[in-house]
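Q: First residue of the sequence shown? That's 236 in our numbering, and the numbers climb one at a time after it.
By construction, the Cβ of each residue, glycine as well, lies at the ideal position given by its N, Cα and C atoms.
One structure is given below, represented as structure tokens, and several questions about it will come after.
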Amino acid sequence: MENITTALVMGDAITHGGLISREDFNKAFHMHGLTNVEVMEAFSMADINRDGMLNKPEWDGFFRFFVAPFQTIAKNWRADKQQMNMVTTQTWFKQLYLDGMADKTFEGFGPHEGEANTEDIVGDLVTAMDRDLDGVINFSEYLLLRRAANAWESCAQDTMNRAGLKCGLSFVVNHRQVDQSEADVAFRVGLTLMPHNKWSISFPIFLIVSDL
Ligand SMILES: [Ca+2]
Ligand SMILES: [Ca+2]
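This is the structure we're talking about:
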């Protein structure tokens, strides 16, 4: 599958004063296998000033921070686990490693079937972010990871506590108000998924509950 380019998305936008409409955006991303809901999620991430159109800086930012890094990982717009290993080389990902606290931050689900290695950070992330359970990561699932990483940086330390989760959920649902009872339910679910620590949750667990 061809990569998404600015020219492809701009399409008719040139004649519309350089603004990219939802329709232009939808055409390009729908062709790349995203559902309508997934396209709308991506569009609202790109539409920083929320006016329903993407101006050039909004598109350029979205392309540079999300589309281009995904396209370097995913050939054919799908990334398998091996390709996903490349996220660990991306700058935004390295920022999740706080002073050697990665063990706590990335505490995951334990060894995967048929694998001796107990430290499989990317394997756990793929398990957590693969919402349609097809074993590969599409752009929408990659964006889930990126939204969660942003929220983590603002709302967590080495792990995330109850207050942090309320903060984090508000982030990933695009600043909709999340009330404490909603966050508490998610937090309790998260704690049951934690292998050891029962008082706060790790990044892979946050990734799961942020999509509940
Ligand atoms: Ca806009
Ligand atoms: Ca998937």
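Does ligand 1 have even one heavy atom less than 8 Å from the beta-carbon of GLU293?
A: GLU293 Cβ: within cutoff of ligand 1.
Q: Would you kindly work out how many angstroms separate the C-alpha atoms of LYS262 and GLY246, rounded to a whole number?
A: 10 Å
Q: Using C-beta distances below 6 Å, list every residue in its chain close to GLU342, excluding the 5 sequence neighbours before and after it, in chain order.
A: SER437
Q: So is THR326 buried or exposed if we call it buried at 16+ other beta carbons inside 10 Å?
A: exposed
Q: Within the continuous alpha helix (DSSP H) that includes GLN412, where are the two ends?
A: From DSSP, GLN412 is part of no alpha helix (DSSP H); its letter is neither H nor E.
Q: With 16 as the cutoff for other CB atoms within 10 Å, does TRP434 come out buried or exposed?
A: exposed
Q: Once the 5 residues before and after SER453 are set aside, which same chain residues still bring their CB inside 6 Å of it?
A: Because the chain is modelled from 236 through 447, residue 453 falls outside the range shown and cannot be assessed.
Q: Once DSSP output is grouped into helix, strand and coil, what is the label at MET245?
A: helix
Q: According to DSSP, simplified to helix, strand and coil, what is MET395?
A: strand
Q: Starting from the Cα of THR394, find the closest Cα among LEU380, ASP355, MET336 and give me that residue.
A: MET336
Q: Looking only at DSSP bridge pairs, what is LEU289 linked to?
A: Paired residue(s): ILE255.
Q: What residues sit near ligand 2, counting only those whose C-beta is closer than 6 Å to one of its heavy atoms, in chain order?
A: ASP365, ASP367, ASP369, VAL371, ILE372, ASN373, GLU376
Q: What are the residues that DSSP puts in a beta bridge with ILE436?
A: Its beta-bridge partners are MET395.
Q: Measuring straight from C-alpha to C-alpha, what distance separates TRP387 and LYS329?
A: 13 Å
Q: Which class does ILE283 belong to by DSSP, given the choice of helix, strand or coil?
A: coil
Q: Across which residues does DSSP place GLU372 in a beta bridge pair?
A: Glu is not the amino acid found at residue 372; the sequence shown has Ile there. For ILE372, which the question treats as bridged, DSSP gives the partners ALA314.
Q: Considering Cα atoms alone, identify which of ARG257, HIS267, HIS265, GLY268 is closest to SER279.
A: Closest option to SER279, Cα to Cα, is ARG257.
Q: Can you find a heavy atom of ligand 1 that lies under 8 Å from the Cβ of LEU289?
A: yes
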